[in-house]
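Everything below concerns the one structure shown next.
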């Protein structure tokens with residue numbers, strides 16, 4: 013773990029600042045979340061039971077199917093949505109969902125970003141500069 | 442992204458606000474993935490169940506459908522993935538009138554946009570399979586992986602908003618699996634057996650998907666003997682896509698781009714060996730109970746051949762727990778006409794159409810019907826339903842039918 017600045021290869025959206033929720037695990041809104049309660053619900057997920065609302069998710073890879081492309085938009089409409097999503101590896105669905113749902117996103121780093129960012133750290137996601145900064 | 446004259450006109454709003462908004466969305470996604478330009482697509486397929494859309498998504502669709510000037514309808518054949526219900530069986534599923542009203546609103550909006558409500562995730566078996574090198578914009582991961590791998594077509598995972606955008610503009614950003622260089626194998630797999638059952642193909646797909654781990658990995662599989670059937674590769678691909686977010690695989694000597702290993706993979710790619718024991722272990726890991734509340738055949742929707750097999754297994758049986766078999770609106774009339782539906786229903790089962798179980802408010806179904814322990818032959822379904830509060834179990838079609846009779850799933 014370290015503080016520092018990390019450059020992403022893929023970036024989208026607004027600059028936001030918040031607390032990181034970190035795990036070396038995947039992400040799919042349909043497979044992993046109880047979107048009503050705003051928690052990770054898949055029992056095997058490393059963040060099972062934890063709230064994702066208003067947090068900057070720092071995870072390994074996009075998983076699962078295509079539903080996340082709609083679900084981020086739906087979650088945003090109810091305010092039960094992550095503040096931003098940061099991934100080692102993204103897929104088209106997460107990017108499409110972020111575009112429709114106005115969820116800032118960074119993906120693709122030279123390091124394992126889930127090992128580089130401490131869980132609970134305050135971080136800034138700056139898509140214009142493609143930078144993730146750990147305070 | 443480089444835009445041609447037509448695209449610049451769309452972006453400037455000369456075709457109206459609907460295609461303009463669609464192209465703006467596509468440019469955002471294309472630039473995120475460093476796409477150089479757009480590629481024309483011949484058909485689009487939209488995943489848009491209302492559990493995913495919610496009220497917000499349906500209102501968004503209605504907003505597009507209400508636009509009164511410019512082009513509002515899709516430019517290319519654009520079809521839909523399963524809906525969130527089978528209206529004729531909504532009561533069986535414990536679905537509410539609010540869910541059905543939302544579905545009706547979504548359908549009305551799609552129809553105003555010119556979308557054909559095919560409501561199927563097996564369009565490559567029932568509507569029109571894409572051909573080799575055909576660029577398409579398909580939603581539903583199972584459709585994409587089958588089309589890319591078995592048909593040799595070119596599509597990324599296109600979520601609902603992006604697939605609709607492709608329908609409205611007739612193009613999609615050229616990145617990912619539209620690019621030949623990204624279609625080469627990156628993960629070499631050697632298997633020492635060939636599955637025989639659909640759940641066995643799904644379990645093998647799940648093991649490979651887990652190993653692959655992300656969208657950009659392209660498994661190249663050696664060791665499959667004989668000619669796999671469409672339904673087998675349907676379950677294999679759907680499971681691999683579900684477990685690994687994988688969009689393309691090659692089977693050496695079987696799939697169109699992989700006549701020889703050298704056609705799709707560089708020398709020196711390390712070999713990962715997968716055995717039958719690995720796939721069996723995946724299946725056993727889901728067997729967490731012996732009691733079963735419901736049996737579901739879905740994900741992907743069943744072909745006519747699968748329904749024929751199921752009808753044969755139902756003859757002379759009487760179910761003690763509900764058994765649901767889900768198919769497409771294209772297959773269901775033939776299922777009725779051939780008498781398969783009547784034979785499944787005579788045993789106490791139900792044949793549903795135009796939906797898929799996990800896309801139909803699965804959590805609410807569980808709560809309304811008290812269904813937790815679910816047996817299925819779909820590896821994709823067991824991978825998804827854990828997050829919805831189920832205890833899904835994977836077994837053969839034969840074992841699942843036995844479970845519907847006895848209320849118990851036999852250990853294997």
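Protein chains in written order, with the numbering used here: chain A, 13 to 147; chain B, 442 to 853. Every residue, glycine too, gets a C-beta built ideally from N, C-alpha and C. Nothing here was measured: the structure is a model prediction, and the numbers come from that model.
Helix, strand or coil for residue i, going by three-state DSSP, please let me know.
i: residue 19(A); result: strand
i: residue 683(B); result: helix
i: residue 140(A); result: coil
i: residue 536(B); result: coil
i: residue 756(B); result: coil
i: residue 609(B); result: helix
i: residue 738(B); result: strand
i: residue 67(A); result: coil
i: residue 847(B); result: helix
i: residue 794(B); result: strand
i: residue 46(A); result: strand
i: residue 107(A); result: helix
Comparing the C-beta of residue i with each C-beta of chain A, is any distance below 8 Å?
i: residue 577(B); result: no
i: residue 812(B); result: no
i: residue 739(B); result: no
i: residue 683(B); result: yes
i: residue 686(B); result: yes
i: residue 831(B); result: no
i: residue 520(B); result: no
i: residue 448(B); result: no
i: residue 460(B); result: no
Identify every residue that forms a DSSP beta bridge with residue i.
i: residue 840(B); result: Residue 840(B) pairs with nothing; no bridge assigned.
i: residue 145(A); result: 17(A), 136(A)
i: residue 102(A); result: DSSP output for residue 102(A) lists no bridge partner at all.
i: residue 486(B); result: 520(B), 579(B)
i: residue 568(B); result: Answer is none; residue 568(B) lacks a bridge partner.
i: residue 38(A); result: 73(A)
i: residue 713(B); result: 630(B)
Any beta carbon of chain B sitting closer than 8 Å to that of residue i?
i: residue 65(A); result: no
i: residue 56(A); result: yes
i: residue 85(A); result: yes
i: residue 49(A); result: no
i: residue 112(A); result: yes
i: residue 77(A); result: yes
i: residue 26(A); result: no
i: residue 73(A); result: yes
i: residue 107(A); result: yes
i: residue 127(A); result: no
i: residue 22(A); result: yes
i: residue 81(A); result: yes
i: residue 13(A); result: Here the model assigns residue 13(A) a pLDDT of 47, short of 50, so the residue's position is not dependable, and the following value carries that caveat. Output row for residue 13(A): interface = no.
Less than 8 Å separating the beta-carbons of residue i and residue j?
i: residue 603(B); j: residue 596(B); result: no
i: residue 125(A); j: residue 103(A); result: no
i: residue 76(A); j: residue 42(A); result: yes
i: residue 20(A); j: residue 119(A); result: yes
i: residue 650(B); j: residue 671(B); result: no
Mind checking residue i: buried by the 16 CB within 10 Å criterion, or exposed?
i: residue 507(B); result: exposed
i: residue 526(B); result: buried
i: residue 620(B); result: exposed
i: residue 13(A); result: In this predicted model, residue 13(A) has a pLDDT of only 47, less than 50, meaning its place in the structure is not dependable; the value taken from the coordinates is given anyway. With fewer than 16 Cβ atoms within 10 Å of its Cβ, residue 13(A) is classed as exposed.
i: residue 844(B); result: buried
i: residue 601(B); result: buried
i: residue 675(B); result: buried
i: residue 446(B); result: exposed
Using a beta-carbon distance below 8 Å, is residue i in contact with chain D?
i: residue 124(A); result: Among the chains of the structure shown, chain D does not appear; the protein chains present are A and B.
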